[in-house]
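Protein chains in written order, with the working numbering: chain B, 111 to 361; chain U, 4 to 259. For each residue, glycine too, the CB sits at the ideal point set by N, CA and C. So the structure is just underneath, and the comments pick up after that.
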């Protein structure tokens, strides 16, 4: 569904993506890992057209989006939703209004139909009865849940998760991971997640891709990934993995 | 020497490029404005913010400006025995010059800086990106209503400024300094022409456009840091104020 071919991107004159070739499997949860500053979030933003590559192609279905803009790009974006690192909730709107926002602005829905759908999504993410609160009144985990409810409310085909557990304690991070997996199984959307949470992501992801020096160093199923013999990849995943799950890394 | 010339050239090119980017930004926002869906509610919300919530500060400024103008005017005119034309002096100064300029500067300070900060925070916290991902154009949803509100709101505030200023002048001139009430108001009636009012309206519309364009642009392209946001807000206020004064000179020289 999403394919990146030879994607290159420089930021501030520095090469970040240096020829990314990546295909995201439909209906699966794919996690992109890599060192800080390797361009994982940049890569995610290319998939939804928030950034344009200097070179290369980005395909969503049968549409090449890297040179699209305006209405044509918006048509492609209707298939997406995105959960940002800080949730990106609108400060001036309550949680209810945030979740209702895409329904009202995109589908022009009004009245009880909006309320029904919003309450349903809030309940699914564990925020029932919290609709009246404003983002500033929420904890980090609750903000992520509200962001997830807003992402789910339009029932998109693809959801992008940009480090959804950053800044959360391990328990809260686990609950957000569990929620993502539950929602993914229930609704069957294609999920692409950027994360640093090794080894936790191996337990929840169908596929794992790793960026190394601006390229995709490996992409494999979570189980295959942990059995890698590549020294660079092994070193990277063992830093997080040996502490918690040493058995998995030896292969 | 060559270095200095190179730096000057680079700085000039950068500024021209920035002006071009700002022009494209404004034209794109207006182009999105005429496409459905039309968000009248957003425009009303911005009008409330830029217009209604600036009323108090504008009334306060206008009142004291009119009063001090009457004081100074009376002092000068008395030397020539022309206190009777105090009303026209106050009214013409207000309508032609001080009303549009001071009201626009007050809107810049109160609403313009807030607009830049609001949009800048939305940029830093990825709220603008979130709009994009929802296939909602930020220029259409966020910027266009602010531009329209600026163009409508500032002239309305200027009208209030003019009226309050003239009444402030009357308070000092007539009630405090003893100028004849009839002379004060009749001199206004005989001196103020339609072209004076028209010039003031034209100025206030263009000032409204300048304030909203500059402040929205600076907020929209804020660099991703708190320092960047602070700098953007300062630049927005300074640039808007300078452009208002420069544009005022050019417009006055054309309208005279």
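query: In angstroms, rounded to a whole number, what distance separates the CA positions of residue 314 of chain B and residue 211 of chain B?
result: If you number the first chain from 1, residue 314 of chain B lands on position 204. If you number the first chain from 1, residue 211 of chain B lands on position 101. When rounded, the distance between both Cα atoms is 30 Å.
task: Note down, in chain order, every chain U residue with its Cβ under 9 Å from the Cβ of residue 191 of chain B.
output: In the first chain, counting from the first residue as 1, residue 191 of chain B sits at position 81. Think of a sphere of 9 Å around the beta carbon of residue 191 of chain B: the chain U residues whose beta carbon falls inside it are 136 and 137, in chain order.
message: For residue 158 of chain B, which residues in the same chain have their Cβ closer than 7 Å to its Cβ, ignoring the five residues on either side in sequence?
response: Taking the first chain and counting its residues from 1, one reaches residue 158 of chain B at position 48. Around residue 158 of chain B: 187, 190, 192 and 270.
query: Below 8 Å, can you find three or more Cβ-Cβ pairs linking the stretch 229-243 of chain U to the stretch 112-129 of chain U?
result: The stretch 229-243 of chain U makes contact with the stretch 112-129 of chain U, as at least three CB pairs between them are under 8 Å.
- prompt: Using the rule of at least 16 other Cβ atoms within 10 Å of the residue's Cβ for burial, across every protein chain shown, is residue 18 of chain U buried or exposed?
  reply: On the second chain, residue 18 of chain U is found 15 positions in, with the first residue counted as 1. So residue 18 of chain U counts as exposed.
- request: Decide if residue 165 of chain U is buried, meaning its Cβ has at least 16 other Cβ atoms within 10 Å, or exposed.
  value: The residue given as residue 165 of chain U occupies position 162 in the second chain. Looking at its Cβ environment, which holds 16 or more other Cβ atoms inside 10 Å, residue 165 of chain U is buried.
- prompt: First and last residue of the alpha helix (DSSP H) that includes residue 266 of chain B?
  reply: Here residue 266 of chain B refers to the residue found at position 156 of the first chain. No residue range can be given for residue 266 of chain B, since it is assigned to no alpha helix (DSSP H) and is classified by DSSP as neither H nor E.
query: In chain order, what residues of the same chain lie with their CB nearer than 8 Å to the CB of residue 131 of chain U, ignoring the 5 residues before and after it?
result: Counted from its first residue, the second chain places residue 131 of chain U at position 128. For residue 131 of chain U, where only same-chain residues beyond five positions count, the Cβ hits under 8 Å are 122, 125, 141, 145 and 223.
message: Rounded to the nearest angstrom, what separates residue 160 of chain B and residue 275 of chain B at their Cα positions?
response: For the purposes of this step, residue 160 of chain B is identified with residue 50 of the first chain, where counting begins at 1. For the purposes of this step, residue 275 of chain B is identified with residue 165 of the first chain, where counting begins at 1. The straight-line gap from Cα to Cα measures roughly 21 Å.
- request: Mind the definition here: the stretch 282-301 of chain B touches the stretch 213-229 of chain B only if three or more C-beta pairs lie below 8 Å; say whether that holds.
  value: The stretch 282-301 of chain B makes no contact with the stretch 213-229 of chain B, as fewer than three CB pairs between them are under 8 Å.
- prompt: residue 239 of chain B to residue 253 of chain B, Cα distance in whole Å?
  reply: Here residue 239 of chain B refers to the residue found at position 129 when the first chain is read from its first residue. Here residue 253 of chain B refers to the residue found at position 143 when the first chain is read from its first residue. Whole-angstrom Cα-Cα distance: 14 Å.
Run of the alpha helix (DSSP H) containing residue 135 of chain U, from where it starts to where it stops: Position 132 of the second chain holds residue 135 of chain U. From DSSP, the alpha helix (DSSP H) with residue 135 of chain U extends over 130-136.
task: Measure from the alpha carbon of residue 203 of chain B to the alpha carbon of each residue in B/247, B/166, B/124 and B/230, then state which is nearest.
output: To locate residue 203 of chain B, count along the first chain from 1; it is residue 93. Of B/247, B/166, B/124 and B/230, the smallest CA-CA separation from residue 203 of chain B is found for B/247.
message: Can you confirm whether residue 128 of chain U, when its beta carbon is compared against all beta carbons of chain B, has any partner nearer than 8 Å?
response: The residue labelled residue 128 of chain U in the question sits at position 125 within the second chain. By this cut-off, residue 128 of chain U is an interface position.
- request: State buried or exposed for residue 105 of chain U, treating a residue as buried only when at least 16 other CB atoms are found within 10 Å of its CB.
  value: For this step, residue 105 of chain U is matched to residue 102 along the second chain. Buried is the call here.
- prompt: So residue 245 of chain B is in the alpha helix (DSSP H); what residue range does that whole segment cover?
  reply: On the first chain, residue 245 of chain B is found 135 positions in, with the first residue counted as 1. Run containing residue 245 of chain B: none; DSSP gives neither H nor E here.
- prompt: How should residue 206 of chain U be labelled, buried or exposed, when 16 other C-beta atoms within 10 angstroms of its C-beta is the threshold for buried?
  reply: Taking the second chain and counting its residues from 1, the one referred to as residue 206 of chain U is at position 203. By the 10 Å Cβ count, residue 206 of chain U comes out buried.
task: For residue 216 of chain U, collect the residues of the same chain with a Cβ closer than 6 Å to its Cβ; drop the 5 residues on either side in sequence, then sort them by chain order.
output: Working through the second chain from its first residue, we reach residue 216 of chain U at position 213. Only 29 meet the Cβ criterion.
query: My guess is that residue 346 of chain B and residue 145 of chain B are in contact by the Cβ rule of under 8 Å, so how many angstroms apart are they, rounded?
result: On the first chain, position 236 is the one that residue 346 of chain B refers to. On the first chain, position 35 is the one that residue 145 of chain B refers to. That pair is a contact at about 7 Å.
C-alpha distance - residue 356 of chain B paired with residue 326 of chain B, whole-angstrom precision: Locating residue 356 of chain B in the first chain gives position 246, counting from the first residue. Locating residue 326 of chain B in the first chain gives position 216, counting from the first residue. Because residue 356 of chain B sits at a pLDDT of 37, beneath the cut-off of 50, its placement in the model cannot be relied upon, and the following sentence gives the value as read from the coordinates. C-alpha of residue 356 of chain B to C-alpha of residue 326 of chain B: approximately 25 Å in a straight line.
- prompt: Just by C-beta distance, which residues in the stretch 28-45 of chain U are closer than 8 Å to chain B?
  reply: Result list: 40.
field: Inter-residue spacing [alpha-carbon to alpha-carbon] between residue 250 of chain U and residue 208 of chain U
entry: Mapped onto the second chain, residue 250 of chain U falls at position 247. Mapped onto the second chain, residue 208 of chain U falls at position 205. Straight-line Cα distance between these residues: approximately 12 Å.
- prompt: Under 8 Å, do residue 73 of chain U and residue 89 of chain U count as touching if we go by C-beta distance?
  reply: For this step, residue 73 of chain U is matched to residue 70 along the second chain. For this step, residue 89 of chain U is matched to residue 86 along the second chain. Contact flag set, yes.
query: From what residue to what residue does the beta strand (DSSP E) around residue 96 of chain U run?
result: Position 93 of the second chain, counted from the first residue, corresponds to residue 96 of chain U. Unbroken run through residue 96 of chain U is the alpha helix (DSSP H), 89-96; no beta strand (DSSP E).
field: Assigned secondary structure, residue 278 of chain B (DSSP; H/G/I helix, E/B strand, else coil)
entry: In the first chain, the residue the question calls residue 278 of chain B occupies position 168. If DSSP states are grouped into helix, strand and coil, residue 278 of chain B belongs with coil.
message: Run through chain U and tell me which residues come within less than 8 Å of residue 194 of chain B, C-beta to C-beta.
response: Position 84 of the first chain, counted from the start, is the residue given in the question as residue 194 of chain B. Annotation: Cβ neighbours of residue 194 of chain B in chain U (cutoff 8 Å, chain order): 129, 132 and 133.
field: residue 185 of chain B in three-state terms, based on DSSP
entry: As a first step, residue 185 of chain B must be located in the first chain, where it is residue number 75. Three-state result, residue 185 of chain B: helix.
- prompt: So residue 331 of chain B is in the beta strand (DSSP E); what residue range does that whole segment cover?
  reply: Position 221 of the first chain, counted from the first residue, corresponds to residue 331 of chain B. Counted as a single uninterrupted DSSP element, the beta strand (DSSP E) harbouring residue 331 of chain B occupies residues 325-331.
Per-residue contacts from residue 259 of chain B into chain U (C-beta, under 8 Å): Numbered from 1 along the first chain, position 149 holds the residue referred to as residue 259 of chain B. The contacting residues do not exist; residue 259 of chain B stays about 13 Å from chain U at best.
task: Please check the pair residue 257 of chain B and residue 199 of chain B, which I expect to be a contact at CB under 8 Å, by giving their CB distance rounded to whole angstroms.
output: Along the first chain, one-based indexing puts residue 257 of chain B at 147. Along the first chain, one-based indexing puts residue 199 of chain B at 89. Correct: roughly 6 Å between the Cβ atoms.
Residue 116 of chain B - containing beta strand (DSSP E), residue span: Sequence index remark: in the first chain, residue 116 of chain B carries index 6 (1-based). Judged by DSSP secondary structure, residue 116 of chain B falls within the beta strand (DSSP E) whose first and last residues are 112-121.
task: Compare the C-beta of residue 214 of chain B with all C-beta atoms of chain U and state if any pair is closer than 8 Å.
output: Locating residue 214 of chain B in the first chain gives position 104, where the first residue counts as 1. For residue 214 of chain B, the nearest beta carbon of chain U is not closer than 8 Å to its own beta carbon.
- prompt: Of all the alpha helix (DSSP H) runs that stay within the bounds of the stretch 189-218 of chain B, which reach a length of 4 or more residues?
  reply: The stretch 189-218 of chain B contains these whole alpha helix (DSSP H) runs: 205-216.
query: Hey, out of U/259, U/245, U/20 and U/109, whose CA is closest to residue 53 of chain U's CA?
result: Here residue 53 of chain U is taken as the residue at index 50 of the second chain, counted from 1. The residue with the shortest Cα to Cα distance from residue 53 of chain U is U/109.
task: Tell me, please, whether the CB atom of residue 160 of chain B is closer than 8 Å to any CB atom in chain U?
output: Indexing the first chain from 1 puts residue 160 of chain B at position 50. Yes, residue 160 of chain B lies at the interface with chain U (some Cβ there is under 8 Å from its Cβ).
field: Rounded separation between residue 332 of chain B and residue 236 of chain B - CA only
entry: Translated into positions along the first chain, residue 332 of chain B becomes position 222. Translated into positions along the first chain, residue 236 of chain B becomes position 126. If you take the alpha carbons of residue 332 of chain B and residue 236 of chain B, they lie about 28 Å apart.
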